Each structure stands twice: as structure tokens, then as C-alpha cells.
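Here is the structure we will look at.
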DNA sequence: GCAAAAAAGTAATCATCGTTCACACCGTGT
DNA sequence: ACACGGTGTGAACGATGATTACTTTTTTGC
């Protein structure tokens with residue numbers, strides 16, 4: 018009773034507390050382990066109390082997903098802000114940030130993808146303009162912008178989901194491995210699968226185009 | 018009692034029937050709508066009967082996932098067999114086949130990804146040899162094979178999951194749209210993001226490198 | 001100030017689900 | 001003929017999501 022600034026009623030701010038407790042439970046034991054009753058138990062309220070704040074379990078999950086989405090987008094945006102402004106560096110930085118989020122909080126990431134319909138898009142409007150400018154400057158290949166955006170998004174989202182879905186051989190993925198894989202992907206995407214003419218600038222802006230990739234992208238070999 | 022070849026006992030082949038009924042239910046209403054009791058009801062058996070064939074619900078789901086995985090791999094393999102043997106054509110064909118499966122049976126695809134741990138790999142061992150040969154022939158860029166394989170896998174898996182997770186604006190995706198998107202992605206991946214020198218062979222083998230992509234990859238524009 | 005209304009929580013209750021257990025049924029091998 | 005193992009029955013148990021009627025607290029309109 019000393020000082021409860023916002024604690025106005027019995028609990029103060031159930032609703033917010035429910036979301037945070039749900040986040041903790043999901044992060045610890047996965048979405049399937051989430052139970053409204055157990056949540057109410059943890060917060061010391063009756064089993065029916067949560068229904069004053071959320072229509073049903075799905076509504077709570079939607080709120081959780083919204084919270085996760087906000088953190089996700091903030092982290093990606095910050096990574097974009099801290100990276101050099103050229104298109105490839107932006108792609109690399111945001112890709113790495115996105116994959117890192119997935120590695121750090123796989124369960125949260127999964128909830129976000131399942132519940133928050135099309136919320137994974139890394140700022141389509143701005144990118145369009147930026148990429149168009151990059152193409153005009155000759156920094157970017159003259160491919161349709163929609164196709165470029167889609168390919169980049171698929172590659173990063175694919176890596177993230179491969180990780181959180183446990184589809185990569187070799188157990189859980191470390192942050193360093195995730196970084197290396199994201200880098201390798203951006204390099205491949207930047208360079209292209211079709212061989213280039215000798216003397217082509219290729220993926221110069223990257224650190225070491227071919228070295229960091231195989232050292233960590235070795236996963237995939239021991240699968241069969 | 019005329020001729021029931023395998024129908025020996027009360028039901029004949031529960032277990033198989035359970036898997037098929039589960040597949041139908043999942044395809045119609047999603048995994049969350051799957052209930053062991055309802056399944057038993059449909060098959061005219063008691064609620065405890067399924068437990069003679071599966072330890073629990075997860076075991077049934079694992080069997081379902083195995084069934085889906087088999088069909089998925091068969092379809093992808095057939096597409097690979099029917100496509101030209103060069104590396105890029107193989108990538109395109111298997112990619113399109115995989116995405117088509119996801120579009121046709123989103124719920125099945127999701128169960129497969131969630132339950133069947135690392136089963137989405139399109140034949141890593143063979144590909145390694147094929148790609149190495151392609152690289153030696155100069156048909157493929159001299160990038161680390163692991164990175165190439167990873168990037169291709171991420172792009173296709175990413176597109177598939179973007180579709181089944183409903184992360185693409187514009188409602189459900191048609192088969193034609195999915196084909197176009199897969200094609201656009203393979204083109205971008207083949208060409209590379211970094212501009213090429215004038216006169217470079219580029220993505221010649223494809224039909225129309227830049228035309229089919231924007232017509233259908235327009236999705237992403239109306240998002241914001 | 002204060003009483004009415006709105007917000008927040010409680011306790012009891014329902015339907016359903018996953019799962020288990022003791023028992024009954026059926027074909028088979030001896 | 002008979003025991004036995006694989007298969008299905010039927011009735012439970014515990015837990016969950018959700019609803020309802022009721023109480024308590026906070027807010028707020030006058």
C-alpha cells in the first residue's frame with residue numbers, strides 16, 4: 018500500500034499484466050502451454066476475470082501478437098537506422114536484425130506470424146522509393162521492384178521460419194550462426210546465381226564475399 | 018461380409034482411417050479444429066478407441082505430418098524429374114512445385130512444418146553434386162554451395178510460409194499468382210541484386226525475365 | 001458531497017476435450 | 001476347446017474455455 022502509482026483497483030492493470038504474463042509463459046513453454054486459468058492463478062484473480070479485458074483466448078493472443086510485432090518492428094527499424102543508407106547494406110542490416118529476433122524469441126516470433134496478419138513487411142512504401150533511387154543510380158540491378166522486394170522478404174522470412182520451425186539440422190541455432198547465415202543469404206541474393214562476366218563489380222560492398230559464408234553455412238551438410 | 022479384403026475386425030483399419038479423417042478435417046477447418054473425440058465419432062468408434070493406435074493426439078499429428086511429407090516430397094521430386102537437368106531450371110521447377118503444394122493445402126503444409134522436424138529439405142546430397150558440376154561448367158556463380166543451397170531453400174520456404182501464414186496482402190493467393198511469384202523470386206535470385214556489366218548473359222534461360230513478375234507481384238503495393 | 005452508473009472481479013456452472021481404466025469382444029494358435 | 005493378444009466399449013477423471021448472476025470498487029455527473 019506504500020506507493021502504487023497506477024494501481025487503482027483490485028489488480029491495477031490486469032489486461033496489461035495478462036499480456037506480459039502470457040509473453041513470459043509463451044517464451045518459457047510455448048503457445049500451447051498457455052492457459053487462461055493458469056494466467057489468472059499467477060496474477061491472483063479468479064478464472065473469469067480475464068474475460069473483462071479480452072473477449073476470448075484468441076483476443077489475448079492477438080494482443081500478445083501486437084505487442085511482439087511492435088518490438089519486432091522497432092528492432093528492425095533501429096537496425097535500418099544504424100546501417101549505411103545504401104540499398105544492399107539496408108537489406109543486410111534489417112535481415113540480420115529480423116533473424117536475430119527470431120533466434121532470440123522463437124515462440125514470440127511464431128505467435129506474431131500466426132496471429133498478426135501481414136505485419137512482417139519491413140516498410141514497403143519507403144523501400145520502394147529508396148530502391149527506385151538506387152536503381153536510377155545504378156547501385157541496384159534493373160529488375161522489377163516488386164520482385165526484388167518479394168525475393169528479399171521471402172529470403173529473410175524463410176530463414177527466420179526455418180529456424181523457429183526447427184527445420185535446420187544441427188539443433189538450436191546460435192546468434193552467431195544466424196548472423197552468418199543471414200549474411201550468406203544476402204551475399205547470394207546480391208551476387209546472383211548466374212555467373213558474371215570477368216571483371217564484374219560483384220558484391221564488393223560486403224566484407225568478405227565468400228569467406229564468412231561456408232564457415233557457418235556448413236549446416237545442411239550433415240543432414241544426409 | 019462379401020469381400021472385405023483387409024477389414025478383419027470391428028473397423029478394419031482404424032489408424033489409417035484416423036489419419037485420413039484427420040487430414041480431411043485439417044484441410045477443411047485447420048489443425049485447431051481437430052478433435053480426437055470428433056474423429057472417433059465420425060468413424061463410429063468410442064472415444065477411447067484411437068488410443069489403441071496412437072499414444073496421444075501428438076502421435077496422430079505426427080503420423081499426419083508424415084503422410085503429408087510423403088506427398089510433398091513426391092510432388093517436388095516429380096517436378097524435378099520432369100524439368101530440364103540444368104541447375105536453374107531444377108531450382109525453378111522444384112520451387113514452383115513446393116509453393117503450389119502450399120497454396121493447394123495450406124493447413125496440411127503448416128502441420129508438416131510444425132510437426133515434421135527438418136523434412137522440407139529438397140534432397141541436399143544430390144543437389145550438392147549437381148551444383149558442383151554446374152559450377153565447374155560455368156553455369157553457376159562461384160559462390161559457396163552451402164550458401165547457394167541455403168538461399169534457395171530460404172526463398173522458397175519463405176514464400177510458401179508467407180502464403181500459408183496469410184502474410185501477403187490481397188487475400189488468398191491463387192495458383193497462378195503463386196507461380197508468378199515463385200518465378201519472380203527465382204529470377205531475382207538468378208540475376209542478383211548488384212547490377213551487371215553491359216553485355217552480361219544474365220537470366221537468359223527464363224521465359225520473360227521482367228514481364229511476368231510485376232504483373233502479379235504487384236501485391237505489396239496496396240499495403241500502405 | 002453523494003448517489004447512480006460503469007468498470008472490475010468473484011463464484012458457480014456448463015460443455016467439451018484429452019486421457020485412463022476395467023471390461024468385453026474377436027480371431028488365432030495350440 | 002481354450003487361453004491369449006490385439007481391438008473396441010463405456011464410464012469415468014481432471015482440466016480447460018466460456019457464460020452467467022452477483023458483488024465490490026471506482027468513477028463521475030449533479
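Chains as they are written, first to last, in the working numbering: chain L, 18 to 241; chain S, 18 to 241.
Cβ atoms here follow ideal geometry from the backbone N, Cα and C, with glycine treated the same way.
The structure presented is a predicted model; accordingly, all values stated were derived computationally and were not measured.
When the Cα atoms are used, what is the spatial distance from residue i to residue j?
| i | j | result |
| --- | --- | --- |
| residue 115(L) | residue 146(S) | 32 Å |
| residue 96(L) | residue 168(S) | 22 Å |
| residue 134(S) | residue 184(L) | 5 Å |
| residue 211(S) | residue 48(S) | 42 Å |
| residue 153(L) | residue 213(L) | 21 Å |
| residue 106(L) | residue 104(S) | 28 Å |
| residue 176(S) | residue 172(L) | 8 Å |
| residue 24(S) | residue 71(S) | Low confidence applies to residue 24(S): its pLDDT is 45, below 50, so where it sits in the model is not reliable, and the reading given next is rough at best. If you take the alpha carbons of residue 24(S) and residue 71(S), they lie about 19 Å apart. |
| residue 164(S) | residue 198(L) | 8 Å |
| residue 53(S) | residue 38(S) | 10 Å |
| residue 144(L) | residue 98(L) | 13 Å |
| residue 43(L) | residue 36(S) | 29 Å |
| residue 68(L) | residue 84(L) | 19 Å |
| residue 166(S) | residue 108(S) | 10 Å |
| residue 29(S) | residue 60(S) | 11 Å |
| residue 1(L) | residue 189(S) | Summary: the structure shown does not reach residue 1(L), with chain L confined to residues 18 through 241, and so no result is reported for it. |
| residue 149(S) | residue 112(L) | 28 Å |
| residue 94(L) | residue 64(S) | 51 Å |
| residue 174(L) | residue 174(S) | 8 Å |
| residue 207(L) | residue 100(L) | 17 Å |
| residue 196(S) | residue 57(L) | 47 Å |
| residue 215(S) | residue 170(L) | 28 Å |
| residue 187(S) | residue 88(S) | 28 Å |
| residue 90(S) | residue 191(L) | 29 Å |
| residue 151(S) | residue 194(L) | 27 Å |
| residue 55(S) | residue 55(L) | 26 Å |
Considering Cα atoms alone, identify which of the options is closest to residue i.
| i | options | result |
| --- | --- | --- |
| residue 62(L) | 193(L), 34(L), 75(L) and 80(L) | 34(L) |
| residue 78(L) | 92(L), 130(L), 196(L) and 112(L) | 130(L) |
| residue 92(S) | 124(S), 209(S), 137(S) and 56(S) | 137(S) |
| residue 209(L) | 192(S), 186(S) and 156(S) | 156(S) |
| residue 46(S) | 88(S), 100(S), 128(S) and 195(S) | 128(S) |
| residue 86(S) | 151(S), 193(S) and 123(S) | 123(S) |
Consult DSSP for residue i and reduce its assignment to one of helix, strand or coil.
| i | result |
| --- | --- |
| residue 194(L) | helix |
| residue 71(S) | coil |
| residue 136(L) | coil |
| residue 210(S) | coil |
| residue 160(L) | coil |
| residue 30(S) | coil |
| residue 217(S) | coil |
| residue 63(S) | coil |
| residue 185(S) | coil |
| residue 100(S) | coil |
| residue 51(S) | coil |
| residue 122(L) | coil |
| residue 155(L) | coil |
| residue 241(S) | Because residue 241(S) carries a pLDDT of 33, less than 50, the predicted location of this residue cannot be relied on, and the following value inherits that uncertainty. Correct three-state label for residue 241(S): coil. |
Beta carbon of residue i, beta carbon of residue j: below 9 Å?
| i | j | result |
| --- | --- | --- |
| residue 159(L) | residue 201(S) | no |
| residue 178(L) | residue 119(L) | yes |
| residue 217(S) | residue 73(L) | no |
| residue 132(S) | residue 81(S) | yes |
| residue 31(S) | residue 76(S) | no |
| residue 125(L) | residue 51(L) | no |
Cβ contact check for the segment 119-133 of chain L and the segment 199-217 of chain L: 3 or more pairs under 8 Å:
no
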